[in-house]
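*Asks:* So the protein lines, in turn, are chains A and B.
When you number the first sequence by our numbering, it's gap-free, plus one each residue, and the end is 208.
When you number the second sequence by our numbering, it's gap-free, plus one each residue, and the end is 208.
No residue lacks a Cβ here, since even glycine has one placed at the ideal position from N, Cα and C.
2 protein chains.
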Amino acid sequence: MMGASTRKGEEIAEKSRKIIKKLIRDKIEGLSPEESAIIERIVHSTADPEYADITKMSQDFIPSTIDALWGLKDILVDVEMVKVGISYDGEVKCYINHPSVIRMAKDKNMTRAAAAMEYAASKGFSGVVVVGNAPTALLKLIKLAKAGMDVNSIIGVPVGFVGAAESKKLLTKTDIPYLITSGPKGGTPVAVAATNALINLAKKRGGII
Amino acid sequence: MMGASTRKGEEIAEKSRKIIKKLIRDKIEGLSPEESAIIERIVHSTADPEYADITKMSQDFIPSTIDALWGLKDILVDVEMVKVGISYDGEVKCYINHPSVIRMAKDKNMTRAAAAMEYAASKGFSGVVVVGNAPTALLKLIKLAKAGMDVNSIIGVPVGFVGAAESKKLLTKTDIPYLITSGPKGGTPVAVAATNALINLAKKRGGII
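Below, the structure written as structure tokens:
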């Protein structure tokens, strides 16, 4: 639960869960248990109840993502910090430090995060994509998915005052199953919390936990 | 600047910097250029201007930390996500996944993050400590420093509703140079942003950038 691995850690996580439930009770009324679990975990990892207001999912997001994660399909992430935080029995891919990506970014004057998405598509990526930092990666990903990249769902929570809000809004206009945080906020802990919550939901469905 | 490594990335970072300067202008009035640089970087990486209100540093924090980082002293961090985000020419140590730490946490019923601090102290750690997640690590660290662990400064920004605010408040009552975020908020991006901003300040003082 919540990434705790010792008895002491579990006690703290349980206490935190109770406080969060109280704090965001009104905001998660009417949501499914799965939606609530995801949002609680995001609020737990940010200590910021505003995430209960700004986290939005498309209707097909939870089933699509759980299907893919239960099938241990690959997860593609934008940056190493997000990769390190995810606990998954399948593969988590991150290409931002790949030599071909660094070269492509310089040659095409794109960010490395965007080039990493293009590289993944060129390698035939198929699975769930998590963008926790770079709006440019999310914009590129939307284009690639429209052009046929096999994306089961996108956890799109880039952060920042330049392009993040716009990139997330654009994602909601596509037919790709999505989770976003409206506005400039988001980031690594939000991306990691949402992904790990969904991995747990997939395991629960599979009867593993 | 701000971790960007391509021309495209630098353009975005520059635009972001201007927006942030406007957003928090009133809040950083009267701060030194070094303090402002640290706070701007935290707001950049969280897209949350509230960090300009809640980030607090002791008077000796910036000189102590810059001295240590300019001397390439070790940095100790609580979790791997923080380690991955830091760009440093010195060593960044993280013991949370060390077999001895995992054993110690179980035997003594502590969190792994706290056990990792005890392990570092037992190995004669000397340098700057960054706690981005676990209040239990910060509490343990304060005890260890009082008992003689050689800590140049602490970036103490654990996150959460259980113990985070209290642990940070306790840090401000010690004579250890500190940076904290008051209240429950904090986390990996805050820890990474503050640390990288200070590494840049150390390099600037050294004439490297």
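1) So B:Asp-149 is in the beta strand (DSSP E); what residue range does that whole segment cover?
2) From this set, B:Asn-132, B:Thr-171 and B:Arg-111, which residue's C-alpha is nearest B:Val-244's C-alpha?
3) In angstroms with no decimal places, state the Cα-to-Cα distance between A:Lys-184 and A:Ala-163.
4) Consult DSSP for B:Asp-88 and reduce its assignment to one of helix, strand or coil.
5) List the residues of chain B that A:Ala-104 touches, going by C-beta distances under 7 Å, in chain order.
6) Let me check one thing: in DSSP terms, what residues is A:Leu-234 bridge-paired to?
7) Could you confirm whether any beta carbon from chain A is found closer than 7 Å to the beta carbon of B:Pro-157?
8) In whole angstroms, what separates the C-alpha of B:Arg-102 from that of B:Lys-142?
9) Mind pulling the chain A residues with CB within less than 7 Å of B:Ile-53?
10) Output the distance between the C-alpha atoms of A:Phe-60 and A:Pro-176, rounded to the nearest integer angstrom.
11) Does any CB atom of chain A fall closer than 7 Å to the CB of B:Pro-188?
12) Counting Cβ pairs closer than 8 Å, one from the stretch 67 to 74 of chain B and one from the stretch 2 to 11 of chain B, do we hit at least three?
13) Can a CB atom of chain A be found closer than 7 Å to the CB of B:Ser-15?
14) So A:Pro-188 and B:Gly-186 are supposed to be a Cβ contact under 8 Å. How far apart are they, rounded?
15) By Cβ distance, which residues of its chain are closer than 7 Å to A:Met-116, with the 5 residues on each side in sequence left out?
16) For a test of the three-state rule: what should DSSP assign to A:Asp-25, helix, strand or coil?
17) In the structure shown, what three-state DSSP assignment does B:Thr-187 receive?
18) Once the 5 residues before and after A:Arg-111 are set aside, which same chain residues still bring their CB inside 7 Å of it?
19) Report all residues from its chain with a CB closer than 6 Å to the CB of B:Leu-22; omit the five preceding and five following residues, and keep chain order.
20) Go ahead and pull the three-state DSSP assignment for B:Ala-12.
21) Considering B:Met-56, what are the terminal residues of the beta strand (DSSP E) in which it resides?
22) Indicate whether at least one CB of chain A lies closer than 7 Å to the CB of B:Lys-167.
23) Are the CB atoms of B:Ser-15 and A:Gly-159 nearer to each other than 7 Å?
24) Would you report the Cα separation of B:Lys-122 and B:Ala-146, rounded to the nearest angstrom?
25) Would you kindly check if the distance between the Cβ of A:Val-129 and the Cβ of A:Val-81 is under 7 Å?
26) Quick check: what's the CA-CA separation for B:Lys-26 versus B:Ala-51?
27) Smallest Cα separation from B:Asp-174: which of B:Pro-157, B:Asn-195, B:Ala-190 and B:Val-150?
28) Beta-carbon within less than 7 Å of A:Ile-19's beta-carbon, same chain only, minus the 5 sequence neighbours each way: which residues are those?
29) Taking a cut of 7 Å between CB atoms, which residues from the stretch 73 to 93 of chain B lie near chain A?
30) With DSSP collapsed to three states, give me the class of B:Ser-4.
31) In angstroms with no decimal places, state the Cα-to-Cα distance between A:Ser-35 and A:Lys-203.
32) Expressed to the nearest angstrom, what Euclidean distance is found between the alpha-carbon atoms of B:Ile-207 and B:Leu-170?
33) With 16 other CB atoms within 10 Å as the buried threshold, where does A:Asn-199 fall?
34) Among B:Leu-30, B:Ser-166 and B:Ser-31, which one has its Cα closest to the Cα of B:Ala-113?
35) If you measure from the beta carbon of B:Lys-184 to each beta carbon in chain A, is any gap under 7 Å?
36) Between the C-alpha atoms of A:Leu-30 and A:Gln-58, what's the straight-line distance to the nearest angstrom?
*Replies:* With the structure as the only source:
1) First-last of the beta strand (DSSP E) with B:Asp-149: 149 to 155.
2) Chain B is shown only over 0 to 208; residue 244 of chain B falls outside these bounds and no answer can be derived.
3) 8 Å
4) In the structure shown, B:Asp-88 sits in coil (DSSP, three-state: anything other than H, G, I, E or B).
5) Thr-5
6) With chain A covering only 0 through 208, there is no way to say anything about residue 234 of chain A.
7) no
8) 21 Å
9) Within chain A, no residue comes near B:Ile-53; the closest Cβ sits about 11 Å away, beyond 7 Å.
10) 4 Å
11) yes
12) Judged by Cβ distances under 8 Å, the stretch 67 to 74 of chain B makes no contact with the stretch 2 to 11 of chain B, as fewer than three pairs qualify.
13) yes
14) 5 Å
15) Result list for A:Met-116: Ala-136, Lys-139, Leu-140 and Leu-143, in chain order.
16) In the structure shown, A:Asp-25 sits in a helix (DSSP, three-state: H, G or I).
17) helix
18) Ile-95, Val-100, Ile-101 and Ala-104
19) Pro-48
20) helix
21) 54 to 56
22) no
23) yes
24) 14 Å
25) yes
26) 6 Å
27) B:Val-150
28) Glu-39, Val-42 and His-43
29) Glu-79, Met-80, Val-83 and Gly-84
30) DSSP places B:Ser-4 in coil when its eight states are reduced to three.
31) 15 Å
32) 32 Å
33) Counting every other CB atom within 10 Å of its CB across the protein chains shown gives A:Asn-199 a total of 16 or more, marking it as buried.
34) B:Ser-166
35) yes
36) 11 Å
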